[in-house]
Amino acid sequence: MLTEKGSLPVGIEYAGKVHREFEIREQRVRDLVAVYDNPETAKRAEMNDAFMGLCILAGQVVSLGSLPAEAITPELLLDMAQEDFNELSAAAKRLEERRKSFRGEA
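Numbered per the working numbering, the sequence shown spans residues -19 to 86.
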């Protein structure tokens, strides 16, 4: 599984601490399925493509600072700075390009 590590420019505040270091993995089918399996996200994601993308991105985040994995949710990411969202999105895109290159699809 391909992953990428990086640092968010602003960071996400959680439990009185700012978390910046992250690791993200490539997207899997399970990320999309998990959105529909979760009653808290399914209906909203069905009506809002941007929220769907955020849900998938949240599923790709392996770690974010010292946050517990269960705290990395779409709701948490909704409150992140735009610069942080851009960095996570760019990391996900780089992983997609690396996967294509690695498998000769580029």
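All C-beta atoms in this analysis are idealised placements derived from N, C-alpha and C, irrespective of residue type, glycine included.
Can you give me the start and stop residues for the beta strand (DSSP E) that residue i sits inside?
{"i": "residue 52", "result": "Residue 52 -> no beta strand (DSSP E), and no H or E assigned at all."}
Quick one: give me the first and last residue of the alpha helix (DSSP H) that residue i is part of.
{"i": "residue 68", "result": "62 to 82"}
{"i": "residue 26", "result": "22 to 27"}
Looking at the strands, I want to know which residues DSSP matches up with residue i.
{"i": "residue -15", "result": "3"}
{"i": "residue 46", "result": "Answer by DSSP bridge pairing: none, since residue 46 is not bridged."}
{"i": "residue -2", "result": "-7"}
{"i": "residue 15", "result": "DSSP output for residue 15 lists no bridge partner at all."}
{"i": "residue 41", "result": "4"}
Is residue j closer than 8 Å to residue i when the C-beta atoms are compared?
{"i": "residue 4", "j": "residue 64", "result": "no"}
{"i": "residue 12", "j": "residue 34", "result": "no"}
Which one of the options has the shortest CA to CA distance from residue i?
{"i": "residue 48", "options": "-6, 31 and 67", "result": "-6"}
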